[in-house]
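Participant: Those letters in the sequence shown? Residues 657 to 952, per the working numbering, in order.
Built from N, CA and C at the ideal position, the CB exists for glycine as well.
One structure follows; several queries about it will come next.
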Amino acid sequence: MSRHDDRNDRSQLLDLLSLGVIYCIFFSALLDIVKIVGLIVYWLRGNWEAMTDEQRRSWSRSLRRLALLVLLAGGGVVVGWLVGCRGWPCASQREPAAEMTARPSSETAPAQERPHTHPREQVETLDPLRRLRQDLERVAADYCAAGPDTAARLARARQQDWQDAALRDLPEGLCLAGICLEHGLWGQTDRRLALACYQRAADKGLALAQVILGLHYDAGVGVPRDADEALAWFRRAAAQGCAEGQLGVGLVLLGRDNATDRAEAARWLRLAAARGLPEAQHALTVAHDYGLIARQ
């Protein structure tokens, strides 16, 4: 017989003994109640003086036993309430927990092997940053192409995850929070906090946040207009191979009346156009048409 079966047999035996004790207490209490009812009837009929001393002692004992049983029953009710309503663990709840922590069982072993035996679930949860990056790309693309409605729906659906990521100081989460706060995708607008989120994400090296900061400084949105600061942020993004950062560098330099700057602008615009960025391709065409840069 296994240890588990032996424990079950002992538990069943204890249950039977407890049931027997409960029945004995119940019938004893019933007899005491009958005696007390008889005492009350005697008293109501005025026969108290006719009772013998033995009868009075018997009824007195019945009263004490009944009072004790009532107290025990009340205590049981209180303990049951504490266990059931307040969440206090009873013995049957503590024993399995203690056993599972003491030694591995057949029930706990599969849970320990789960990451290795369920590759599909492992792939779905692999690299949580990947989903944040995908969300960031979708929000940026949807906001530029389809307008704010599509981005707002995604922002509301993923709000808790993005806020958690921002609180964990993840650059993707910070940038997403900045976009939502700046454009009111979560129902409120806070440009100051949005810029702080962009700044934090950009300092951590997120290229898109660096581009967004560059755009703000270039246009003077929420910050003083500063072309040099904008160029610095665009350069940091461009150095990471970000096509939008390369476009930003090219456009800022293209606006300067300097042959050296325009030659560098042409190089950055061609790099961005080679990455398939339509805005860079259009900027190159316009610059060629106006003679700002030479055709190759």
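1) Does Arg721 come out as helix, strand or coil in the three-state DSSP assignment?
2) Under three-state DSSP, which class holds Tyr946?
3) Smallest Cα separation from Ala811: which of Leu823, Ala833, Asp825 and Pro827?
4) In three-state terms, what does DSSP make of Asp913?
5) Give a yes or no on contact between the stretch 900-911 and the stretch 926-944, applying the rule of three or more CB pairs nearer than 8 Å.
6) Can you give me the Cβ contacts of Arg856 inside the same chain, cut-off strictly under 6 Å, excluding the 5 residues immediately before and after it?
7) Return the chain-ordered list of same chain residues with a C-beta closer than 6 Å to the C-beta of Ala894, the five sequence neighbours on each side being excluded.
8) On a Cα-Cα basis, can you pick out the residue from Asp825, Arg918 and Arg931 that is closest to His944?
9) Can you grab the Cα-Cα spacing for the pair Leu823 / Gly947, in whole Å?
10) Taking buried to mean at least 16 other C-beta atoms within 10 Å of its own C-beta, is Glu828 buried or exposed?
11) Going by the beta-carbon positions, is the gap between Gly878 and Ala850 smaller than 9 Å?
12) Along the chain, where does the alpha helix (DSSP H) that runs through Arg1013 open and close?
13) Report the rounded CA-to-CA distance for Ala886 versus Tyr873, giving the unit in angstroms.
14) Spatial neighbours of Gly876 within its chain, please: C-beta separation below 7 Å, excluding the five flanking residues on both sides.
15) Kindly indicate which three-state DSSP category Arg951 falls into: helix, strand or coil?
16) Mapping DSSP to helix, strand and coil, what is Asp820?
17) For the alpha helix (DSSP H) containing Asp884, name the first residue and the last one.
18) Assign Cys836 to one of three DSSP states: helix, strand, or coil.
19) Straight-line CA distance for Gln844 to Leu837?
20) Around the C-beta of Gln952, are 16 or more other C-beta atoms found within 10 angstroms, so that it is buried, or is it exposed?
21) Please work out which residues of its chain come closer than 6 Å, Cβ to Cβ, to Asp931, disregarding the five sequence neighbours upstream and downstream, and give them in chain order.
22) Take the Cβ of Val867 as the centre, count every other Cβ of all protein chains shown within 10 Å, and call the residue buried at 16 or more, exposed below.
23) Have a look at Gln896 and Ala863 and give me their C-alpha separation to the nearest angstrom.
24) Ala813: which of Leu841, Thr941 and Ser716 sits nearest, CA to CA?
25) Please work out which residues of its chain come closer than 6 Å, Cβ to Cβ, to Arg892, disregarding the five sequence neighbours upstream and downstream, and give them in chain order.
Facilitator: The structure says:
1) Here residue 721 refers to the residue found at position 65 when the sequence shown is read from its first residue. Of the three classes helix, strand and coil, the one that applies to Arg721 here is helix, per DSSP.
2) Translated into positions along the sequence shown, residue 946 becomes position 290. Residue state, collapsed to three classes: coil.
3) For this step, residue 811 is matched to residue 155 along the sequence shown. Looking from the CA of Ala811, the closest CA among Leu823, Ala833, Asp825 and Pro827 belongs to Ala833.
4) For the purposes of this step, residue 913 is identified with residue 257 of the sequence shown, where counting begins at 1. In the structure shown, Asp913 sits in coil (DSSP, three-state: anything other than H, G, I, E or B).
5) Yes: at least three Cβ pairs fall under 8 Å.
6) Counted from its first residue, the sequence shown places residue 856 at position 200. Taken in chain order, the residues that qualify are Leu830.
7) Working through the sequence shown from its first residue, we reach residue 894 at position 238. If we look at Ala894 and ignore the five residues flanking it on each side, its Cβ neighbours are Gly901, Gln902 and Val905.
8) Reading the sequence shown from its first residue, position 288 is the one you call residue 944. Nearest C-alpha to His944: Arg918.
9) Along the sequence shown, one-based indexing puts residue 823 at 167. Along the sequence shown, one-based indexing puts residue 947 at 291. In a straight line, the C-alpha of Leu823 is about 49 Å away from that of Gly947.
10) Taking the first residue of the sequence shown as position 1, residue 828 is located at position 172. In this structure Glu828 is buried. Its beta-carbon is surrounded by 16 or more other beta-carbon atoms within 10 angstroms.
11) In the sequence shown, residue 878 corresponds to position 222, counting from 1. In the sequence shown, residue 850 corresponds to position 194, counting from 1. In contact: Gly878 and Ala850 (Cβ atoms closer than 9 Å).
12) Missing from the structure shown is residue 1013; the chain here goes from 657 to 952 and no further.
13) What you label residue 886 is simply residue 230 of the sequence shown in a count that begins at 1. What you label residue 873 is simply residue 217 of the sequence shown in a count that begins at 1. Rounded to whole angstroms, Ala886 to Tyr873 spans 5 Å at the Cα level.
14) For the purposes of this step, residue 876 is taken as residue 220 along the sequence shown, with counting starting at 1. Counting only Cβ-Cβ distances below 7 Å, and skipping sequence neighbours, we find nothing.
15) Residue mapping note: residue 951 aligns to position 295 of the sequence shown, counting from 1. Here DSSP, grouped into helix, strand and coil, assigns Arg951 to coil.
16) If you number the sequence shown from 1, residue 820 lands on position 164. Reduced to three states, the DSSP call for Asp820 is helix.
17) As a first step, residue 884 is located in the sequence shown; it is residue number 228 there, counting from the start. That run of the alpha helix (DSSP H) goes Ala883 to Ala894.
18) Locating residue 836 in the sequence shown gives position 180, where the first residue counts as 1. Here Cys836 sits in helix by DSSP.
19) Here residue 844 refers to the residue found at position 188 of the sequence shown. Here residue 837 refers to the residue found at position 181 of the sequence shown. Approximately 7 Å, taken between the alpha carbons.
20) For this step, residue 952 is matched to residue 296 along the sequence shown. Exposed, because fewer than 16 other Cβ atoms sit within 10 Å of the Cβ of Gln952.
21) On the sequence shown, position 275 is the one that residue 931 refers to. Reading off the sequence shown, one finds Arg at residue 931, where the question assumed Asp. Ala899, listed in sequence order.
22) Within the sequence shown, numbered from 1, the residue matching residue 867 stands at position 211. Classification of Val867: buried, given that the 10 Å Cβ count is 16 or more.
23) Taking the sequence shown and counting its residues from 1, one reaches residue 896 at position 240. Taking the sequence shown and counting its residues from 1, one reaches residue 863 at position 207. Looking at the two C-alpha atoms, the distance is approximately 7 Å.
24) Here residue 813 refers to the residue found at position 157 when the sequence shown is read from its first residue. Nearest of Leu841, Thr941 and Ser716 to Ala813, Cα basis: Leu841.
25) As a first step, residue 892 must be located in the sequence shown, where it is residue number 236. Correct list, in chain order: Gln866.
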